[in-house]
């Protein structure tokens, strides 16, 4: 199966990796044979799964440089066999004045370009996340920006949860993942649930998300763990979050809450989170 330029852009941008224009990838892909496409598909799957594989990140970074029309020095046989993209019509600079060959700085691969970052604080916190792997599903908890108000001057932070079904041992279908983002009202309550403040048999719910309002999230204390379920259109993605994972997820949630209310200290935020949790009748 051949990889499309649109798929490359979708995968890279969904993981916060700089991508070239779609048209820049197309001539490169046309010059690649089926085995080359298989290698590219493998690297994209590794990125989708959140593996942070250095070889895969290097491959897509160098491919993007070629798609941007830049000459590169590479040891990869697939990339060495294709030429950089040249835009049709006239170019603003003659070929002789194009940028010289340069190496790709690996630490910058996962960071969006400066023009896409809204604030200095965003540069400090980019794509912080934690994974929980279960028997049927895997969850990724990620420090994110609130998508409901993308153009707000003082944009708020929250957590996004992504879930993927297991398709083989230690392999999850991240390309068909479901995504769920907590609102500003839900994030403090979810934080309280992580802190173990749910009453016995209490189920915390976040409902009616998505364009079709068919996404639901549930959390319940169960046998020294927090049992979570994401649901959309009748399909359920369940995972059991053990005690050992609470700290990592809590640090992400508290970082978002501290950013949103930087005039409050952490103990005060925790108290307010506990107070925001719905009360169970009789308790």
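Numbering (UniProt numbering), first residue to last: 1 to 283.
By construction, the Cβ of each residue, glycine as well, lies at the ideal position given by its N, Cα and C atoms.
Here the structure is a predicted model, which means the values were calculated and not measured.
The criterion of a C-beta distance shorter than 8 angstroms is not satisfied by residue 184 and residue 253.
For residue 184, the three-state secondary structure derived from DSSP is coil. Annotation for residue 48: 11, 174 and 175 place their beta carbon closer than 7 angstroms to its own, counting only its chain and skipping 5 residues before and after. Taking the CA atoms as reference points, residue 135 sits about 14 angstroms from residue 225. Judged by DSSP in its simplified three-state form, residue 64 adopts helix. Excluding sequence positions up to five before and after residue 231, its CB lies within less than 6 angstroms of the CB of 216, all in the same chain and listed in chain order. Residue state for residue 17 is assigned as coil, using DSSP reduced to three classes. Spatial neighbours of residue 55 in its own chain (CB-CB distance under 7 angstroms, excluding positions within 5 residues in sequence) are not present.
Rounded to the nearest angstrom, the gap between the Cα atoms of residue 246 and residue 18 is 31 angstroms. In this structure, residue 24 lies away from residue 80, with their beta-carbon atoms at least 8 angstroms apart. Buried is the label assigned to residue 193, since at least 16 other Cβ atoms lie within 10 Å of its Cβ. Taking C-beta atoms under 8 angstroms as the contact rule, residue 44 and residue 8 qualify, at a distance of about 7 angstroms. The beta carbon of residue 242 sits closer than 7 angstroms to those of 225, all from its chain and outside the five residues before and after it, given in chain order.
A distance of 8 angstroms or more separates the beta carbons of residue 139 and residue 32.
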